[in-house]
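Residue numbers (the UniProt record's numbering), protein chains in the order written: chain F, 1 to 335; chain X, 1 to 335. Just so it is clear, CB atoms sit at the ideal spot from N, CA and C, and this is done for glycine as well.
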């Protein structure tokens, strides 16, 4: 039993049967659709899934991989993705990779098996499983990168900010307000965003002719605990410190807590600059100066781009670089 | 092999086989259902999915509905659910209802269509769509309630804490440390957790023979903004206030910020008590005394319970009440 037999029995074209199977309602009356579906059920026709790579019908699902929903940066982004998905009748698979490539791979495999219509990924690095890499490419499932570029999927569109430019503007603000001994408490070493923000930091120092000191740089998790622990050690080693650029607001929260416990006034003795502008940054004591990313909007736009790709709209194939803004609050000096 | 062959071999009608395949238990005895399922497995019959309505195989997906992932209480809970799901080869649909019953219904419909293997829900109230309610019941899809009891699904198991007892222990701590004029900044009116926490508050006052003053009670969103805005008004109206019981840590964050702006010392003049113990509560200024719920664990256990139900384990059918602990930090006086 083939699609041709079904078409013959129903007295319609092969294209019509195909459209019904693929839930594409264009040019098929409801009556015809019902008749074909009944016929298909009656004869027990099972469509041929060529090489496992052709999906019969839209599953109306999107798969999203992020490092960790508990990192305060991600809930807003996920919410943006989900709102856009929901408005378009899609449901969202949420997956936490813990920046572990094996977990990321496990989820990509699940997405292929579950035949998601599209994939959004905040990737943690290169896939070790190259056969999986090829399967993802060959599956034809649209993919959009979110927040971080990928070394594997270099031809996939993404939604980013210019992390270098953003960090440059933040560190320049520190320098403009008189800071010279600026520590950088970066995110994980090797992660795209960490590297770009370090470039921005170095560029700002270079333009101000402040020598770069590599011992002022540390790497660690994008977490409050990591900021808290790192700052206690580094401030002891470099008591001349007059500013700290935290590679993320979550890191800055830990920094503020540690400085408070050490009775180091902020910004009197040390200015603190964050990155992200998570919702909470305006509620901290002192309120946090930070480089704002449009977090919710990035998620929303990435989802919209993915849905465009799923719908065959070429607009979806273009990457997008969104703007950041420096938000000055109490944790840095004013000019 | 068609549905007709299965029906003939089982000695039942085609409709009966169809109902079994569709998880519709109406008019089919458990014995017949088992027999048909075994037969289907034995002959390796693959139901025709083309008609869009028949699945037999597990989809290995769980649907989760929460109010809003941006509320800092939920990321940890969602992470607990997802970790348990992942360990068991399941993938998680994350859905935000915004405590809007229409969105909750829309997601429940999507879960039925997508044939999730199980549903976890932090419900926002009674379903208006009673036909959907019946469909959910009849679908036979296991359901576990999370954090909030449901007026509809009273026979479904859930994972909760004893919110009344928890609030009672927190407010008793305020009273023990000398507070008498205690405001309650509750969550949304009509929501299960708000009502239970108010009961605990009243119980503590009653035992200490402190008169209950209903003007000390306000309701609002479980959000920082709601705490911030409410406290500014109420503290002006009741300057005798010596403590604030915030119905959630997110509310308490806004309260602390407002009190700081008003130059009201915490806990010197006003003690502040939270509820939840979100990760951030130890990083606030001052650090927040709060009633700790096992947030991650609740999510994890609810998922485990759901997987037990999916696997037919009767242990899954029992509700679970987890314990809370008072965590004393800087925002309340010590005894």
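Same chain, Cβ closer than 8 Å to residue i, five either side skipped, listed in chain order
{"i": "residue 4 of chain X", "result": "14"}
{"i": "residue 334 of chain X", "result": "177 and 328"}
{"i": "residue 224 of chain F", "result": "250, 251, 253, 254 and 257"}
{"i": "residue 271 of chain F", "result": "174, 177, 179, 242, 243, 244, 289, 331, 332 and 333"}
{"i": "residue 198 of chain X", "result": "167, 184, 186 and 217"}
{"i": "residue 269 of chain F", "result": "242"}
{"i": "residue 212 of chain F", "result": "202, 205 and 206"}
Partners in chain X for residue i, counting only beta-carbon separations shorter than 8 Å
{"i": "residue 93 of chain F", "result": "61, 91, 92, 93 and 94"}
{"i": "residue 224 of chain F", "result": "279, 280 and 283"}
Contacting residues, own chain, Cβ-Cβ under 6 Å from residue i (five flanking each side not counted)
{"i": "residue 232 of chain X", "result": "258"}
{"i": "residue 230 of chain X", "result": "185, 218 and 220"}
{"i": "residue 149 of chain X", "result": "192"}
{"i": "residue 280 of chain F", "result": "none"}
{"i": "residue 314 of chain F", "result": "none"}
Pairwise C-alpha distance: residue j and residue i
{"i": "residue 226 of chain F", "j": "residue 218 of chain F", "result": "10 Å"}
{"i": "residue 78 of chain X", "j": "residue 64 of chain F", "result": "14 Å"}
{"i": "residue 318 of chain X", "j": "residue 156 of chain X", "result": "8 Å"}
{"i": "residue 284 of chain X", "j": "residue 136 of chain X", "result": "43 Å"}
{"i": "residue 288 of chain F", "j": "residue 331 of chain F", "result": "5 Å"}
{"i": "residue 17 of chain X", "j": "residue 38 of chain F", "result": "16 Å"}
{"i": "residue 113 of chain F", "j": "residue 170 of chain F", "result": "44 Å"}
{"i": "residue 301 of chain F", "j": "residue 153 of chain F", "result": "19 Å"}
{"i": "residue 83 of chain X", "j": "residue 188 of chain F", "result": "22 Å"}
{"i": "residue 295 of chain X", "j": "residue 144 of chain F", "result": "32 Å"}
{"i": "residue 312 of chain F", "j": "residue 27 of chain X", "result": "45 Å"}
{"i": "residue 72 of chain X", "j": "residue 129 of chain F", "result": "35 Å"}
{"i": "residue 291 of chain F", "j": "residue 30 of chain F", "result": "53 Å"}
{"i": "residue 235 of chain X", "j": "residue 106 of chain F", "result": "52 Å"}
{"i": "residue 181 of chain F", "j": "residue 240 of chain F", "result": "7 Å"}
{"i": "residue 222 of chain X", "j": "residue 204 of chain F", "result": "41 Å"}
{"i": "residue 54 of chain F", "j": "residue 91 of chain X", "result": "In this prediction, residue 54 of chain F scores a pLDDT of 36, lower than 50, which makes its location untrustworthy; the coordinate-derived value is nonetheless stated afterwards. Near 21 Å, if we compare the C-alpha coordinates of residue 91 of chain X and residue 54 of chain F."}
{"i": "residue 238 of chain F", "j": "residue 166 of chain F", "result": "26 Å"}
{"i": "residue 304 of chain X", "j": "residue 316 of chain F", "result": "39 Å"}
{"i": "residue 12 of chain X", "j": "residue 41 of chain X", "result": "17 Å"}
{"i": "residue 261 of chain F", "j": "residue 85 of chain F", "result": "44 Å"}
{"i": "residue 56 of chain F", "j": "residue 10 of chain X", "result": "For residue 56 of chain F, the predicted model reports a pLDDT of 48, less than 50, meaning its position is unreliable; a value from the coordinates is still stated below. The alpha-carbon atoms of residue 56 of chain F and residue 10 of chain X are separated by roughly 30 Å."}
{"i": "residue 282 of chain X", "j": "residue 276 of chain X", "result": "12 Å"}
{"i": "residue 6 of chain X", "j": "residue 43 of chain X", "result": "9 Å"}
{"i": "residue 120 of chain X", "j": "residue 97 of chain X", "result": "13 Å"}
{"i": "residue 139 of chain F", "j": "residue 131 of chain F", "result": "12 Å"}
{"i": "residue 67 of chain X", "j": "residue 308 of chain F", "result": "28 Å"}
{"i": "residue 306 of chain X", "j": "residue 325 of chain X", "result": "26 Å"}
Beta-carbon proximity list for residue i, same chain, < 7 Å, skipping 5 on both sides
{"i": "residue 310 of chain F", "result": "117, 118 and 142"}
Nearest to residue i (by Cα), restricted to the options the options
{"i": "residue 94 of chain F", "options": "X/81, X/163 and X/331", "result": "X/81"}
{"i": "residue 34 of chain X", "options": "X/244, X/264, X/120 and X/20", "result": "X/20"}
{"i": "residue 127 of chain X", "options": "X/110, X/100, X/113 and X/139", "result": "X/100"}
{"i": "residue 69 of chain F", "options": "X/66, X/74 and X/67", "result": "X/74"}
{"i": "residue 351 of chain F", "options": "F/303, F/124 and F/30", "result": "What is shown of chain F runs 1 to 335, which leaves residue 351 of chain F out entirely."}
{"i": "residue 200 of chain X", "options": "X/313, X/322 and X/164", "result": "X/164"}
{"i": "residue 344 of chain F", "options": "X/89, X/29, X/162 and X/198", "result": "The structure shown does not extend to residue 344 of chain F, since chain F is modelled only from 1 to 335, so the question has no answer here."}
{"i": "residue 168 of chain F", "options": "F/281, F/273, F/314 and F/58", "result": "F/273"}
{"i": "residue 147 of chain F", "options": "F/196, F/122 and F/248", "result": "F/122"}
{"i": "residue 62 of chain F", "options": "F/43, F/87 and F/102", "result": "F/87"}
{"i": "residue 115 of chain X", "options": "F/60, F/282 and F/66", "result": "F/60"}
{"i": "residue 278 of chain F", "options": "F/133, F/248, F/111 and F/286", "result": "F/248"}
{"i": "residue 162 of chain F", "options": "F/298, F/111 and F/2", "result": "F/298"}
{"i": "residue 265 of chain X", "options": "X/324, X/307 and X/286", "result": "X/286"}
{"i": "residue 322 of chain X", "options": "X/307, X/293, X/308 and X/314", "result": "X/293"}
Neighbouring residues, chain F, relative to residue i (Cβ below 8 Å)
{"i": "residue 40 of chain X", "result": "Neighbours of residue 40 of chain X on chain F: none; closest Cβ ~14 Å, over 8 Å."}
{"i": "residue 69 of chain X", "result": "69, 75, 78, 79 and 82"}
Contact set between residue i and chain F, taken where Cβ atoms lie within less than 9 Å
{"i": "residue 260 of chain X", "result": "285"}
Contact with chain A by residue i, beta-carbon distance below 9 Å
{"i": "residue 231 of chain F", "result": "Reference to chain A is not applicable here, since the protein chains of this structure are F and X."}
>> Against chain X, which members of the stretch 72 to 84 of chain F pass a CB distance test of less than 7 Å?
In response: Cβ proximity to chain X below 7 Å picks out 75, 76, 78, 79 and 82 from the stretch 72 to 84 of chain F.
>> Which residues of the stretch 238 to 257 of chain F have a Cβ closer than 9 Å to any Cβ of chain X? Give them in chain order.
In response: 253, 254, 256 and 257
>> Under 9 Å, CB to CB, which of the residues in the stretch 109 to 133 of chain F have a partner in chain X?
In response: From the stretch 109 to 133 of chain F, only 110, 111, 113 and 114 have a Cβ closer than 9 Å to chain X.
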